[in-house]
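Asks:
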Amino acid sequence: MPMTRFVSQRKAGGRRGDFHPPLQFDGGSEWFCIMIGAGGVGMSDISVDSRHAGLVKFDVWCIGLFLIVSFPTATSLVLSGAAVGQDTWMYSGLPTLSRAVVFVALALLARKVISVMSCPRLLVVSSVMMTAGALAKAASFSWLTGDASAVGSLLSSAALNAGYAVLYVGWMELYSQMDTKHVLVYFTSVHLVSALVSYALFSLGPSFGTVIFIAAMPLVSVIMLRRADARTSDAPYRQGEIQRTDWSISLRPIVLLVAFGFSNAVIRGFLGTEDQATVLLGVCVAALSVLAVAVWRFGEFEITSLYQVSVPILVAGAMLVLMNGEWWGVAAAFCSNAAFALFSVFITAAFCGVAYRYGVNAMWLFGITQASLTFGSLGGKLVSAWGGSFLFDPSMLVATMSVLVVTLVALSMALVSDRDFKTNWGITSRNEQGGRSVVDEEQRLMLSCSRIAQRYGLTRREEEVLVLMMRGYTLSRIGEGLFIAESTMKTHSRHIYRKVGVANRNELQEFVDSWRLKRV
Numbered sequence: 001m002p003m004t005r006f007v008s009q010r011k012a013g014g015r016r017g018d019f020h021p022p023l024q025f026d027g028g029s030e031w032f033c034i035m036i037g038a039g040g041v042g043m044s045d046i047s048v049d050s051r052h053a054g055l056v057k058f059d060v061w062c063i064g065l066f067l068i069v070s071f072p073t074a075t076s077l078v079l080s081g082a083a084v085g086q087d088t089w090m091y092s093g094l095p096t097l098s099r100a101v102v103f104v105a106l107a108l109l110a111r112k113v114i115s116v117m118s119c120p121r122l123l124v125v126s127s128v129m130m131t132a133g134a135l136a137k138a139a140s141f142s143w144l145t146g147d148a149s150a151v152g153s154l155l156s157s158a159a160l161n162a163g164y165a166v167l168y169v170g171w172m173e174l175y176s177q178m179d180t181k182h183v184l185v186y187f188t189s190v191h192l193v194s195a196l197v198s199y200a201l202f203s204l205g206p207s208f209g210t211v212i213f214i215a216a217m218p219l220v221s222v223i224m225l226r227r228a229d230a231r232t233s234d235a236p237y238r239q240g241e242i243q244r245t246d247w248s249i250s251l252r253p254i255v256l257l258v259a260f261g262f263s264n265a266v267i268r269g270f271l272g273t274e275d276q277a278t279v280l281l282g283v284c285v286a287a288l289s290v291l292a293v294a295v296w297r298f299g300e301f302e303i304t305s306l307y308q309v310s311v312p313i314l315v316a317g318a319m320l321v322l323m324n325g326e327w328w329g330v331a332a333a334f335c336s337n338a339a340f341a342l343f344s345v346f347i348t349a350a351f352c353g354v355a356y357r358y359g360v361n362a363m364w365l366f367g368i369t370q371a372s373l374t375f376g377s378l379g380g381k382l383v384s385a386w387g388g389s390f391l392f393d394p395s396m397l398v399a400t401m402s403v404l405v406v407t408l409v410a411l412s413m414a415l416v417s418d419r420d421f422k423t424n425w426g427i428t429s430r431n432e433q434g435g436r437s438v439v440d441e442e443q444r445l446m447l448s449c450s451r452i453a454q455r456y457g458l459t460r461r462e463e464e465v466l467v468l469m470m471r472g473y474t475l476s477r478i479g480e481g482l483f484i485a486e487s488t489m490k491t492h493s494r495h496i497y498r499k500v501g502v503a504n505r506n507e508l509q510e511f512v513d514s515w516r517l518k519r520v
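Quick note on numbering: the sequence shown equals residues 1 to 520 in full-length UniProt numbering.
#1: Can you give the Cα-Cα distance for K112 and N361, rounded to whole angstroms?
#2: Assuming V283 contacts A195 under a Cβ cut-off of 8 Å, what Cβ separation, rounded to an integer in Å, is found between them?
#3: Comparing alpha-carbon positions, which option in A138, G163, F103 lies nearest L122?
#4: Within the continuous alpha helix (DSSP H) that includes L466, where are the two ends?
#5: How long is the line joining the alpha carbons of residue 571 and A215, rounded to whole angstroms?
#6: Shortest alpha-carbon distance to L65 belongs to which of H191, P120, S98, V124?
#7: Reducing DSSP to helix, strand and coil, say where S248 ends up.
#8: Between G479 and Y473, what straight-line distance do the alpha-carbon atoms span, to the nearest angstrom?
#9: For G379, which residues from the same chain have a beta carbon less than 6 Å from its beta carbon, with the 5 sequence-adjacent residues on both sides left out?
#10: Quick check: the stretch 215-231 against the stretch 352-372, are there 3 or more CB pairs under 8 Å?
#11: Rounded to whole angstroms, how far is the Cβ of H401 from the Cβ of A318, which I believe are closer than 8 Å?
#12: How far does the alpha helix (DSSP H) with Q308 in it reach, from first residue to last?
#13: Quick one: residues in its chain with C-beta nearer than 7 Å to the C-beta of S514, no 5 flanking neighbours on either side, listed in chain order?
#14: Per the contact definition of three or more C-beta pairs closer than 8 Å, is the stretch 69-80 in contact with the stretch 192-212?
#15: Please check the pair G133 and A100, which I expect to be a contact at CB under 8 Å, by giving their CB distance rounded to whole angstroms.
#16: Are the stretch 346-358 and the stretch 170-184 touching, with three or more C-beta to C-beta distances below 8 Å?
#17: Pick from F346, R357, F298, V258: whose alpha carbon is nearest that of L306?
#18: Using a 10 Å radius around the Cβ and a threshold of 16 neighbouring Cβ atoms, would you call S448 buried or exposed?
#19: Distance check for S248 and S344, CA to CA, integer angstroms please.
#20: Assuming R238 and M178 are in contact, meaning their beta carbons sit under 8 Å apart, how far apart are those beta carbons, in whole angstroms?
#21: I63 and Y186 look like a contact to me (Cβ under 8 Å); what is the Cβ gap, rounded to whole Å?
#22: Starting from R238, trace the alpha helix (DSSP H) both ways and give me its first and last residue.
#23: Please return the same chain residues whose Cβ sits closer than 7 Å to the Cβ of L475, not counting the five positions on each side in sequence.
#24: Start and end of the alpha helix (DSSP H) containing I63?
#25: So the alpha helix (DSSP H) T73 belongs to, where does it begin and stop?
Laid out in structure tokens, this is it:
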């Protein structure tokens, strides 16, 4: 089976279900985390040794993605003088389509290419495309007129967006090899620094210095990506599963991504262009909030809360669009930007977690998910551009926002469940014989233990112990991982035997196997 050729994966052979040795961080500190959710292993329930819960190894090279994230905003606000998402269909829709097409192409090529990071030439070519696109866009607005300016801007924007897609997936491949805590810290830092840099460039205005700085951003980001990969290759937090490409994905996460991207684009389509730089504050507030929680309260934090908060904030933005007054529009844009930042952090952490735990190929996974989000955004831009004055009619505006809010909330309730956050979001794999994959069996074991715990009154700790016992771990090894004394572990095992009505581990194994066959 083809495997992703990351530097770290040639050296770190972490496998699902293995206990890793204590992770070494700055100052010789150690912490150990075991991801065990209500139904087994899950990304939303992560217990960390409380003595070191605030520790995270931070490498500044790993936030070089901010140069890519801020690049479209910088080129639009500084080089062309237009607001992101507020250009005409020719300037905004078609370039967005080119980005979506490249994301799809990357997903389709994942089986052959395996990894964007393993193709340095592709990274360099993509950065050159972005730089050339930005310079051409600036030139088309400064020196060209009429149709020549329109065509030049269109082609340059298409090249810029195509290169953006490649480099973004490259960074996602790096993050997909990191644990959830580091993904949260790095990616929220990316959004924070990106917003600050975009605002700073906007404040400086178009000048020779800002143009050179913007033009250099893609290549510098590639250098930082390569440097970050090399510096973290031996880091304990990059010991994820070896990535494979034999996966399929359900429609539920795709529909959710399309719906959120569409809703956000429609809302932003009703906003003015004069305060687009100011409302970057919404991204800063959202990023700072997540960053603070990730660093100081990670042991109490659940990834689901990002999604649960982002939807109401986006709904609030839709409602504020209906208000009259300039500041209401700024508030709506603030909410829209904050909601999209939270949702972006959520899907990145969620799908990086899936790739990290289950070995899903990141190029394939993020090619699909980012294409879905981009196509949704494209649809929203089409509605805003072609709706024109018809949608701005007061009665139609109320109807549009009402339908948008009801649809978004309904889809959120129908497409997202707690099980998604504890398993793999419907991303499934089949082995070569066509039987169930290891991931499928792992999910069945977790669900079996969860239902047994509910049926026979096992405590949360006893459920955790049951899952690990069914994986074949000894009581002493489980105790080391859960920071529990061996005598306490023996007490837990006796309680489990008594509650389910078995005499020993062999009978317990048979009991769980029979439950799995009959009930799951």
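Note that CB positions come from ideal geometry on N, CA and C, so glycine has one too.
Replies: Looking at the atomic coordinates:
#1: For the purposes of this step, residue 112 is taken as residue 112 along the sequence shown, with counting starting at 1. For the purposes of this step, residue 361 is taken as residue 361 along the sequence shown, with counting starting at 1. Whole-angstrom Cα-Cα distance: 12 Å.
#2: As a working mapping, residue 283 is identified with position 283 in the sequence shown. As a working mapping, residue 195 is identified with position 195 in the sequence shown. Going by Cβ atoms, the distance from V283 to A195 rounds to 4 Å, so yes, they are a contact pair.
#3: Taking the first residue of the sequence shown as position 1, residue 122 is located at position 122. Looking at the Cα atoms, G163 is the closest of the given residues.
#4: Counting from one through the sequence shown, the residue named residue 466 turns up at place 466. Counting along the chain, the alpha helix (DSSP H) containing L466 begins and ends at 460-470.
#5: A question about residue 571 goes unanswered here, because the residues of the chain that appear run from 1 up to 520.
#6: One-based indexing of the sequence shown puts residue 65 at position 65. Among H191, P120, S98, V124, the Cα nearest to that of L65 belongs to H191.
#7: Looking up residue 248 in the sequence shown gives position 248. Here S248 sits in strand by DSSP.
#8: Stepping through the sequence shown from its first residue, residue 479 is reached at position 479. Stepping through the sequence shown from its first residue, residue 473 is reached at position 473. The straight-line gap from Cα to Cα measures roughly 10 Å.
#9: Position 379 of the sequence shown, counted from the first residue, corresponds to residue 379. For G379, where only same-chain residues beyond five positions count, the Cβ hits under 6 Å are F262.
#10: no
#11: Position 401 of the sequence shown, counted from the first residue, corresponds to residue 401. Position 318 of the sequence shown, counted from the first residue, corresponds to residue 318. According to the sequence displayed, residue 401 carries Met and not His. With 8 Å as the limit, M401 and A318 qualify as a contact, their Cβ atoms being about 5 Å apart.
#12: For the purposes of this step, residue 308 is taken as residue 308 along the sequence shown, with counting starting at 1. 304-321 is the extent of the alpha helix (DSSP H) around Q308.
#13: Position 514 of the sequence shown holds residue 514. Cβ within range, chain order: n/a, list empty.
#14: yes
#15: By 1-based counting over the sequence shown, the position of residue 133 is 133. By 1-based counting over the sequence shown, the position of residue 100 is 100. With 8 Å as the limit, G133 and A100 do not qualify as a contact, their Cβ atoms being about 16 Å apart.
#16: yes
#17: Residue 306 sits at position 306 when you count from the first residue of the sequence shown. L306 has its Cα closest to that of F346, out of F346, R357, F298, V258.
#18: Position 448 of the sequence shown holds residue 448. Counting Cβ neighbours within 10 Å, S448 comes out buried, since at least 16 surround it.
#19: Indexing the sequence shown from 1 puts residue 344 at position 344. Indexing the sequence shown from 1 puts residue 248 at position 248. One C-alpha to the other measures close to 22 Å.
#20: Indexing the sequence shown from 1 puts residue 238 at position 238. Indexing the sequence shown from 1 puts residue 178 at position 178. Contact flag correct, Cβ pair sits at about 6 Å.
#21: As a first step, residue 63 must be located in the sequence shown, where it is residue number 63. As a first step, residue 186 must be located in the sequence shown, where it is residue number 186. So it is a contact: roughly 6 Å between Cβ atoms.
#22: On the sequence shown, residue 238 is found 238 positions in, with the first residue counted as 1. In the DSSP annotation of this structure, R238 is not part of any alpha helix (DSSP H), being labelled neither H nor E.
#23: Residue mapping note: residue 475 aligns to position 475 of the sequence shown, counting from 1. If we look at L475 and ignore the five residues flanking it on each side, its Cβ neighbours are E486, M489, K490, S493.
#24: Taking the first residue of the sequence shown as position 1, residue 63 is located at position 63. First-last for I63: undefined, no H or E at that position.
#25: Here residue 73 corresponds to residue number 73 of the sequence shown, with the count starting at 1. It spans 71-74 - the alpha helix (DSSP H) in which T73 sits, taken as one unbroken run.
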